[in-house]
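Report on the structure given below.
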Amino acid sequence: MAADDADVGEKRPREPDGSEESDDERPSTKQRQSKVVRRGNECPYIDTVSRQNLDFDFEKCCSVTLSRVNVYCCLVCGHYYQGRGRATPAYTHALEDDHHMFMKLESGDVWCLPDGYQVVDRSLDDIRAVLDPAFTAQELAKADSELRWRRALDGSDYMPGLIGLNNMRANDYANVVVQALNRCTPLRNFFLRREKYAHCKSLVVQRFGELVRKMWNPRAFKGQVSPHEFMHAIMDATSKRFVIDLQSDPVDLVQWLLNTLHLELTGGKRKKRSVISDNLQGELEVTTEAGTGTGEAATSATDVVRRVPFLTLGLDLPPAPLFKDVMEENIIPQVMLSSLLAKYDGGTVTEDVNGGRRRFRITKLPPCVIMHVKRFSRSQFLLEKNPTVVNYPAREFNIGAAVPVPPEAQDAKYDLAATIVHEGSTRMQARPDVRAMPGLWSAYVHRRSEDLWYAVQDLAVTEVLPQQVVLAETYVCLWERNEGKKETAEKQPQPGR
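Counting in this note's numbering, the final residue of the sequence shown is number 540, and the numbers go up one at a time with none missing.
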């Protein structure tokens, strides 16, 4: 009996600092003898949980110590604190503010402090679904056919997959990129399944996947998401090339983000296949005339032919008119998308000082094609935008009818999924601190379940006519191959034809 008492009272050695046991202190002897795990009806504080105060979009670090280890969220006030043992910020907060319910952000476990027991109750599952949304194969199958809107805690309605992103200062250029890529079905389905990239340690991959899951979460507490953690991951990975408080070019971000996602998912092996290369990467045959440019062709006696992969197809606009019309107004020219694609017919010569005289031909078309309309030009003194309107059909666009394509893609039809549009001035003085033309960035996205178009500008989501989509100054457009999917509504008019 004496031996048993000695074992119970024996002090266990404390774990090294930073471990689970150093911050989450073991319960005392009396606590170990009591019930450590309790159900919700046994906890007197479970009714103090306030879902209106919870926001899991921000960086998960302690508000007192700024530590990211063993961080808990107070389910009463929504603040983040470290640890649950004695002398930890969470324990102190429970005593000082009389807040007792805490959720561990890493696992979703709920604890009652300072009592030190775990609370297990199904009524807390909705909070875990907001903290770390998860999707099943059945939910993915219904993602494009679900017509029902959802209701947030404040009574507002929202559409899963089509919700506003918070503009923290000047990150609207990143918001439109996320909105556009979110309409790429294979990419979306991949990042909605957390287990497909759980092995990847890259913060960019994890934060992008977390953002996509939150945007499509049908059990969200609010109809908006803040890309705070995603932007901080990008800032750290690019050494602040893309930042929150200064606008950048969305095309630069698209190209960097897709390349980074591919390399991180493949472990740095560029030639290894990934969801990016399988669905967004095409191939071009580039022929450089002998004796031109500054590369290999400059000293070659014959034309140099090589094949290069692409993630975006650059389209060159004709120069904007210099003179005004008879009404003393600037003429806004229009051009067909098919005429811009003539650059890739294999016969049109594109001249470049460094690249030389080159011809391009498409040798592989991916299921999702991103086209980039080159509107902006920068000189030593001016930053200018070409306001030319590009006309194109909103659905069943046959790229093979405009330029030669591989035989397997000859009859492929592409539907417009999303566009990125710039609204602002067309000319300004060039300054070193200005990375892109100032203005408002917005995205036009197609919601397939309703067969309707929506304009998304930061938090604002409004329905628009399909004619407005093609009349806007399109900068980036995302096309998705039509695999014969059944539409849920009658076909809309095809503008631009």
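Cβ atoms here follow ideal geometry from the backbone N, Cα and C, with glycine treated the same way. Keep in mind it's a predicted model, so treat the numbers as computed, not measured.
Suppose the cutoff is 7 Å on Cβ atoms and the five residues either side in sequence are ignored; what does the same chain contact list for residue i look like?
| i | result |
| --- | --- |
| proline 291 | Note on identity: in this sequence residue 291 is serine, with proline being the wrong assignment. The residues are Tyr216, Phe285, Arg478, Ala479. |
| lysine 103 | Arg111, Val114, Tyr123, Leu148 |
| tyrosine 88 | His143, Met144, Cys155 |
| histidine 136 | Cys117, Tyr124, His142 |
Sort the options by Cα distance to residue i and report the nearest one.
| i | options | result |
| --- | --- | --- |
| histidine 275 | Gly266, Leu306, Met211 | Met211 |
| valine 432 | Pro376, Asn397, His305, Arg438 | Pro376 |
| leucine 380 | Tyr518, Leu167, Leu354 | Tyr518 |
| valine 173 | Gln298, Trp259, Cys520, Asp501 | Trp259 |
| phenylalanine 6 | Pro229, Ser420, Gln267, Asp321 | No statement about residue 6 is possible, as the shown extent of the chain runs from 44 to 540 and does not include it. |
| glutamate 439 | Glu451, Pro449, Asp458 | Asp458 |
| cysteine 243 | Asn225, Thr309, Asp200, Asn232 | Thr309 |
| aspartate 158 | Ser343, Glu189, Cys86 | Cys86 |
| glutamine 423 | Pro449, Ala473, Tyr201, Gly334 | Ala473 |
| methionine 202 | Arg262, Gly467, Leu289 | Arg262 |
| tryptophan 522 | His415, Pro481, Leu296 | His415 |
Would the C-beta of residue i count as close to the ligand FMN, meaning under 8 Å from any of its heavy atoms?
| i | result |
| --- | --- |
| leucine 408 | You won't find the ligand FMN in this model; it holds no ligand whatsoever. |
How far does the alpha helix (DSSP H) with residue i in it extend, from its first residue to its last?
| i | result |
| --- | --- |
| lysine 257 | 246-258 |
| leucine 358 | Run containing leucine 358: none in the alpha helix (DSSP H); it sits in the beta strand (DSSP E), 356-359. |
| tyrosine 134 | 132-140 |
| histidine 271 | 271-280 |
| tyrosine 216 | 215-224 |
| isoleucine 319 | 318-323 |
| histidine 305 | 293-308 |
Can you grab the Cα-Cα spacing for the pair residue i / residue j, in whole Å?
| i | j | result |
| --- | --- | --- |
| aspartate 279 | aspartate 388 | 40 Å |
| glutamate 328 | valine 348 | 7 Å |
| arginine 418 | glutamate 182 | 39 Å |
| glutamate 526 | leucine 235 | 21 Å |
| leucine 495 | valine 247 | 31 Å |
| glutamine 510 | methionine 471 | 29 Å |
| arginine 127 | asparagine 84 | 22 Å |
| isoleucine 542 | glycine 325 | This structure cannot speak to residue 542, because the chain is shown only from 44 to 540. |
| alanine 184 | arginine 524 | 18 Å |
| leucine 198 | isoleucine 277 | Residue 198 is actually glycine in this sequence, not leucine. One C-alpha to the other measures close to 33 Å. |
| valine 80 | valine 163 | 7 Å |
So, for residue i: in the same chain, excluding its five sequence neighbours on each side, which residues have a beta-carbon less than 8 Å away from its beta-carbon?
| i | result |
| --- | --- |
| valine 92 | Leu118, Val119, Met144, Leu167, Ile170 |
| aspartate 152 | Met146, Gln161 |
Spatial neighbours of residue i within its chain, please: C-beta separation below 6 Å, excluding the five flanking residues on both sides.
| i | result |
| --- | --- |
| leucine 384 | Ala445, Val446 |
| valine 107 | Pro132 |
On the DSSP letters alone, give me the boundaries of the beta strand (DSSP E) that residue i sits inside.
| i | result |
| --- | --- |
| leucine 190 | Neither: leucine 190 is in no beta strand (DSSP E) and is coded neither H nor E. |
| arginine 81 | 80-82 |
| proline 352 | 347-353 |
| phenylalanine 424 | Phenylalanine 424 -> no beta strand (DSSP E), and no H or E assigned at all. |
| glutamine 472 | 470-472 |
| threonine 517 | 517-524 |
| leucine 495 | 495-500 |
| valine 433 | 432-434 |
| histidine 8 | The requested residue 8 is not part of the displayed model; the chain covers only 44 to 540. |
| arginine 402 | 399-407 |
| isoleucine 413 | 411-417 |
Could you tell me which residues DSSP puts in a beta bridge with residue i?
| i | result |
| --- | --- |
| leucine 205 | Met202 |
Using a Cβ-Cβ cut-off of 9 Å, state whether residue i counts as contacting chain D.
| i | result |
| --- | --- |
| aspartate 458 | No chain D is present in this structure, which holds just one protein chain. |
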